[in-house]
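A.B. asks: Quick one: the structure is below, questions incoming.
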């Protein structure tokens, strides 16, 4: 099974900060990597798919990069509404299997 | 409006069973793969199961194989998760999610249904 290591687990941030979260796969997953945002009491929301593509309607301050085993999620200038927990997710197609990272909680 | 609404959660004793339902609206269910994801209280997301558009292919997280069964009825616009032999560690919010048609992201989520396993 592919393991995902997401870091850090928590991050103390301030409005305007540039925030970077990393996700490492235990083996090459090409670009099969998505990023989600989850606010307390809410379902997760897809932000980035296939490592680098911004989901429709997601602000451009969010971005993703990487391929293979190393991936990065960036918020260029943190806004108050970005306080949430962020998860990476890898997927295999044959068969369809998915694994989430452990999550990164942003705290003011 | 595209919407997923889960139901069927509740309090169940260890060893018991539940059938979770996910009613979809606002899109053609038969065109989309679907999944279930769960989240234990205060913990992260855990992928549970996947089902193909026709229901002919299903996959499960390794730790859950044999106890959970996913199914769908496209005519009834519903997806189901049968959960058996429940354990305390199955206590979680169970989310139904749609797999995007152009990528493998989970683009639409329900609000979740809580399953509590306790005596």
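Chains as they are written, first to last, in the working numbering: chain V, 1 to 108; chain H, 1001 to 1119.
From the three backbone atoms N, C-alpha and C, an ideal C-beta is built for every residue, glycine too.
(1) Might you give, ordered along the chain, the residues of its own chain that have their beta carbon closer than 6 Å to the beta carbon of residue 101 of chain V, omitting 5 neighbours on each side?
(2) From what residue to what residue does the beta strand (DSSP E) around residue 21 of chain V run?
(3) Determine which residues share a DSSP beta bridge with residue 1092 of chain H and list them.
(4) Just the C-alpha distance for residue 27 of chain V and residue 92 of chain V, rounded to the nearest angstrom, thanks.
(5) In terms of residue numbering, what span does the beta strand (DSSP E) encompassing residue 1046 of chain H cover?
(6) Distance cutoff 8 Å, beta carbons only. Does residue 1080 of chain H sit that close to anything in chain V?
(7) Taking only three categories from DSSP, how would you classify residue 1006 of chain H?
(8) With 8 Å as the threshold, decide whether the Cβ of residue 1 of chain V is near any Cβ in chain H.
(9) So, is the C-beta of residue 1103 of chain H closer than 8 Å to a C-beta in chain V?
C.D. replies: With the given structure in hand:
(1) Position 101 of the first chain, counted from the start, is the residue given in the question as residue 101 of chain V. Annotation for residue 101 of chain V: 4, 6, 23, 87, 88 place their beta carbon closer than 6 Å to its own, counting only its chain and skipping 5 residues before and after.
(2) In the first chain, residue 21 of chain V corresponds to position 21, counting from 1. Residue 21 of chain V -> beta strand (DSSP E) spans 19-25.
(3) Within the second chain, numbered from 1, the residue matching residue 1092 of chain H stands at position 92. Here residue 1092 of chain H is bridged, per DSSP, to H:1115.
(4) Along the first chain, read from residue 1 onward, the residue named residue 27 of chain V stands at position 27. Along the first chain, read from residue 1 onward, the residue named residue 92 of chain V stands at position 92. Note on geometry: alpha-carbon atoms of residue 27 of chain V and residue 92 of chain V lie some 12 Å from one another.
(5) Here residue 1046 of chain H corresponds to residue number 46 of the second chain, with the count starting at 1. Taken as a continuous stretch (DSSP letters only), the beta strand (DSSP E) holding residue 1046 of chain H covers 1045-1051.
(6) For the purposes of this step, residue 1080 of chain H is taken as residue 80 along the second chain, with counting starting at 1. Residue 1080 of chain H is outside the set of residues whose beta carbon lies under 8 Å from a beta carbon in chain V.
(7) Your numbering for residue 1006 of chain H matches position 6 in the second chain. It is a strand residue.
(8) Reading the first chain from its first residue, position 1 is the one you call residue 1 of chain V. So yes, residue 1 of chain V belongs to the interface.
(9) For the purposes of this step, residue 1103 of chain H is taken as the residue at position 103 of the second chain. Using beta-carbon distances, residue 1103 of chain H counts as an interface residue toward chain V, with a partner under 8 Å.
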